[in-house]
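Using numbering that gives the first Met the number 0, the first residue of the sequence shown is number 0, and each one after it goes up by one.
Beta carbons are placed, not taken as given, at the ideal position from N, Cα and C, and that holds for glycine.
Take a look at the structure set out below.
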Amino acid sequence: MLSNQVLQRAVSEMEAIAGGACSVWSLDGYRIVLSGSESEGTAERVKRFLKDVKEDSEPGMEEIRTGYALFAVFDEEKPAYILSLENMSGEKAEIVGRLGVKELESLIRAYKEKVDKNRFLQNLLLDNMLLVDVFNQAKKLHIENDQKRVIYLIEANASDNQFLLEVLKGMYASGMKDFVTAVDEGSVILIKALEETEGYREVYEKARALVDTVSAEAMVNVRVAYGTIIHELKDVSKSYKEAGMAMDVGKIFYAEKTILAYNELGIGRLIHQIPVSLCEMFLKEVFGDKDVEQFEEETLSTVFKFFENSLNISETARQLYIHRNTLVYRLEKIQKMTGLDVRVFEDALTFKIAMMVSEHMKYMKQ
């Protein structure tokens, strides 16, 4: 049902416009919210009126007397609240009360539609719906089917994403095309509508703007991953799964990146999809019984810088501020331990892939 804050805002507005006292009561006979000063006999009047409402249960039930007026608020065909007005003339109480009932019933419908829409989007993302149900419910909730979209998956450094969820709802969920929801406590999902002329460049720019805006306004550092562009509502789960894989691959291989695109993951995406048994077999083939932890941090950082410089010894030594012979000595240590000469392209490629597979295995075990 409606929150106390929503009900309080509604009765405060009625009281500010019409004067008198306005209150909303539950079907158990307890006052939920009040604006203005009520008389002592209000509770007894509400309980008597409630008895009639429960017996007849017909929309439009009201009781207007000198000094007070009572109105039944319905949720479809079931009573939901009692609206009480006092210290108003009969004519004013009748007008204000009926308008108030319509406002409260509209708020109930809007709340239910919001809940239904959120549940629909969550089931859609998790692929829990039949195709015919997707079309029927989307039509009922006024969500366009043939709309160009992309799914953004947003994670914050903070453990609690509820604040992030509210921030993103304020940024994107004000219209009827963009939707913000969550299916777990670890991340927030933005279903973003795109123009027909927009492509992956614009998708990246939107992700960059999202990261910068949240960082500046909410003081929260976030990481964003997105899937491929889709054109039909039924493919939302596909783009969501791709965004999830992009986020996982980014955590393993691209820790320094804040924006991750599924279609730009490179070899990291391929390794992430290799079965664990094959990964273990490959590592045993490359390293034998040796453990990756045997490599010193200095040696690994040296060889990775060597890879960044396309196996150029002179340039790598210059960037590391070390003598050429020192660099060669460190690279030869790798060769002695693994049998791989990383100065040779094929061996360098094998070592690079083996280290990425090792990182993948470490992530999977965690």
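{"Query": "Find out if the Cβ-Cβ distance for the pair L193, L167 is shorter than 8 angstroms.", "Result": "no"}
{"Query": "Around the Cβ of Y239, are there at least 16 other Cβ atoms within 10 angstroms (buried) or fewer (exposed)?", "Result": "buried"}
{"Query": "Verify whether the separation of the beta carbon atoms of A224 and A208 is less than 8 angstroms.", "Result": "no"}
{"Query": "Under 8 angstroms: do the segment 62-71 and the segment 38-50 share three or more Cβ pairs, one atom per stretch?", "Result": "yes"}
{"Query": "Among V341, F350 and I251, which has the Cα closest to the Cα of Q365?", "Result": "I251"}
{"Query": "Hey, could you find the ends of the beta strand (DSSP E) L152 is sitting in?", "Result": "R148 to A155"}
{"Query": "Please determine, among G40, S357 and E263, the residue with the shortest C-alpha to C-alpha distance to M280.", "Result": "S357"}
{"Query": "Tell me, please, whether the segment 97-109 touches the segment 123-142 by the rule of three or more beta-carbon pairs shorter than 8 angstroms.", "Result": "no"}
{"Query": "List the whole-angstrom C-beta distance separating E56 from P78, where the pair is believed to meet the contact cut-off of C-beta under 8 angstroms.", "Result": "Per the sequence presented here, residue 56 reads as Ser, with Glu not at that position. Right, their Cβ atoms sit about 6 angstroms apart."}
{"Query": "Below 8 angstroms, how does it come out for the segment 86-96 and the segment 14-32: are there three or more Cβ pairs, yes or no?", "Result": "yes"}
{"Query": "What are the complete alpha helix (DSSP H) segments, minimum 4 residues, inside the segment 87-140?", "Result": "89-124 and 130-139"}
{"Query": "Find the nearest neighbour of A298 within the set S313, Q318 and R329, judged by alpha-carbon distance.", "Result": "Reading off the sequence, residue 298 comes out as Thr, not Ala. Measuring from the Cα of T298, the nearest candidate turns out to be R329."}
{"Query": "Would you call the segment 300-319 in contact with the segment 266-285, where contact means no fewer than 3 C-beta pairs closer than 8 angstroms?", "Result": "no"}
{"Query": "For the pair the segment 262-277 and the segment 169-184, tell me if three or more CB-CB distances fall below 8 angstroms.", "Result": "no"}
{"Query": "Give the range of the beta strand (DSSP E) segment to which F73 is assigned.", "Result": "Y67 to D74"}
{"Query": "Are the beta-carbon atoms belonging to V210 and V219 less than 8 angstroms from one another?", "Result": "no"}
{"Query": "Go ahead and pull the three-state DSSP assignment for K191.", "Result": "strand"}
{"Query": "Buried or exposed for D145, please, with buried defined as at least 16 other CB atoms from any protein chain shown within 10 angstroms of its CB.", "Result": "exposed"}
{"Query": "M363: buried (16+ other C-beta within 10 angstroms of its C-beta) or exposed?", "Result": "exposed"}
{"Query": "Which residues share a DSSP beta bridge with Y225?", "Result": "Y151 and A260"}
{"Query": "Taking DSSP's pairing of strands, which residues face L84 in a bridge?", "Result": "C21 and A68"}
{"Query": "Ignore the nearest five residues each way along the sequence and tell me which others in L368's own chain have a CB closer than 7 angstroms to its CB.", "Result": "Since the displayed the chain opens at 0 and closes at 365, residue 368 lies outside it and no answer follows."}
{"Query": "Would you call the segment 224-236 in contact with the segment 118-126, where contact means no fewer than 3 C-beta pairs closer than 8 angstroms?", "Result": "yes"}
{"Query": "Which whole-angstrom value is the C-beta distance of K351 and F306, which I expect to be below 8 angstroms?", "Result": "6 angstroms"}
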